[in-house]
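Data first, discussion second: the structure below is written as structure tokens.
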């Protein structure tokens, strides 16, 4: 790695810069923030854009669990946002959990848009923010003006359909996509605007060519954002997956699995990203959960592979009725094939569990130590700043 930083020394030990870099890039961001005080040369190195990218590459490596954490959002506890190292799961999660303060204060209601390279995009207090909890830095994003089409009429209904966040590798930029849906006279229209962190500005782009009734939040994987959409009818059936490539700003379409279910027994469809792999999951009303994965969403052979299936009777929750509706959401895929799953009944208190092919190892400490687990997000500890415009 080329770096503009001067040779590094620490106390009486004089090591080659390359060795220092290889050691430091494997350390958590919290440690590196402290190490900026060691010397001017260390500070110059750690804030260098090339080092930040090298550290990010290490953090994204599935083998480096020491650079990954799980964020738990609780809907009813006094403190709402917690974080614990993924490496400690499931034995010492609560013991190692720390309180997080988005925007530097106790969090109210938060809507998580997406997390990408350690940067969270969140709705909080009616505004959009980019937030890196490892750096304790955040940036408020200006809301763009809504341009209502003249043919829709002044009495049209305006609603935010979706927001989605991801990284454009070709332009080395972080981008936020906001799609507004207009309902009035005539067909439904949409407006799409995109925010660039590098330019710190919004601009309008082409309208989405698909009837946009999103069944899931946008998920980022391999340079593209994906949405699960339906026909707009009052049903739980999914019709297709559409993609938006951030570099070219073009839309595309992905097939659903050949064996994907449709019908009244479907409770919830959703998208997830597991170790960079686009995944589709389905919760049936009273019976079971199924997870598919697509190994190469951007390649010529777009095929789904069924990964796991779980009967609800094997989930360690006490149902409150015989018609209990379960929500199981995949959160992380470990190298050994275990899957970190969040499970809850309706909107009640949830648990985290590790699922293997033959057993379910539940982490009961999560539900007892942090009440009413509402969302869980796995993220990397990175040095990517939301306050800089260079994308790194």
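Residue numbers (the UniProt record's numbering): 1 to 392.
Note that CB positions come from ideal geometry on N, CA and C, so glycine has one too.
Where residue i falls: helix, strand or coil (DSSP)
i	result
residue 45	helix
residue 67	helix
residue 50	helix
residue 260	coil
residue 102	helix
residue 88	helix
residue 230	coil
residue 55	helix
residue 12	Bear in mind that the predicted position of residue 12 carries a pLDDT of just 48, short of 50, making it unreliable; the figure below should be weighed with that in mind. Coil, per DSSP.
residue 40	helix
residue 313	helix
residue 379	strand
residue 203	strand
residue 331	strand
residue 136	coil
residue 60	helix
residue 170	coil
residue 302	coil
residue 73	strand
residue 373	strand
residue 162	strand
residue 216	coil
residue 224	strand
Contacts around residue i, its chain only, beta-carbon distance under 6 Å, and the 5 residues preceding and following it disregarded
i	result
residue 227	214, 218 and 242
residue 46	32 and 36
residue 202	144, 193 and 195
residue 293	277, 279, 305 and 307
residue 311	288
residue 115	377 and 379
residue 178	163 and 193
residue 387	137 and 139
residue 190	179, 181, 207, 208 and 212
residue 333	274, 275 and 339
Endpoints, alpha helix (DSSP H) assigned at residue i
i	result
residue 34	29 to 35
residue 24	17 to 24
Cβ-based neighbour list, residue i, same chain, cut-off 7 Å, excluding 5 preceding and 5 following
i	result
residue 43	36
residue 69	83, 84, 85, 86, 379 and 381
residue 291	279, 281, 307, 308 and 330
residue 111	122 and 123
residue 173	196, 197, 198 and 391
residue 283	267, 268, 289, 326, 327 and 328
residue 433	Examination of residue 433 is not possible in this model, given that the chain is present from 1 through 392 alone.
residue 170	247
residue 165	113, 114, 116, 121, 176 and 220
residue 384	52, 56, 117, 118, 119, 132 and 392
Proximity to residue i [Cα-Cα], best of the options
i	options	result
residue 82	99, 69, 88 and 89	99
residue 376	30, 22 and 120	120
residue 274	335, 353, 383 and 207	335
residue 373	221, 339, 352 and 385	352
residue 355	315, 28, 163 and 25	315
residue 25	285, 39, 38 and 56	56
residue 162	285, 208 and 332	208
residue 221	101, 190, 204 and 168	168
residue 338	52, 252, 16 and 62	62
residue 18	34, 54 and 251	54
residue 125	216, 105 and 132	105
residue 257	88, 89, 251 and 303	303
residue 88	386, 340 and 254	340
residue 249	270, 260 and 223	223
residue 97	109, 71 and 103	71
residue 210	225, 253 and 14	253
N-terminal and C-terminal residue of the beta strand (DSSP E) that residue i is part of
i	result
residue 143	Per DSSP, residue 143 belongs to no beta strand (DSSP E) and is neither H nor E.
residue 85	81 to 85
residue 338	First-last for residue 338: undefined, no H or E at that position.
residue 178	173 to 183
residue 251	250 to 254
residue 193	189 to 196
residue 241	240 to 245
residue 125	Per DSSP, residue 125 belongs to no beta strand (DSSP E) and is neither H nor E.
residue 288	288 to 294
residue 353	351 to 355
residue 115	110 to 116
residue 282	277 to 284
residue 221	219 to 221
Close-in-space but distant-in-sequence residues of the same chain around residue i (CB under 8 Å, 5 per side omitted)
i	result
residue 141	127, 128, 129, 130, 176 and 195
residue 30	134 and 381
residue 58	25, 26, 64 and 67
residue 28	66, 67, 134 and 381
Cutoff 9 Å: residue i Cβ touching any chain D Cβ
i	result
residue 133	Here there is only one protein chain, and chain D is not present.
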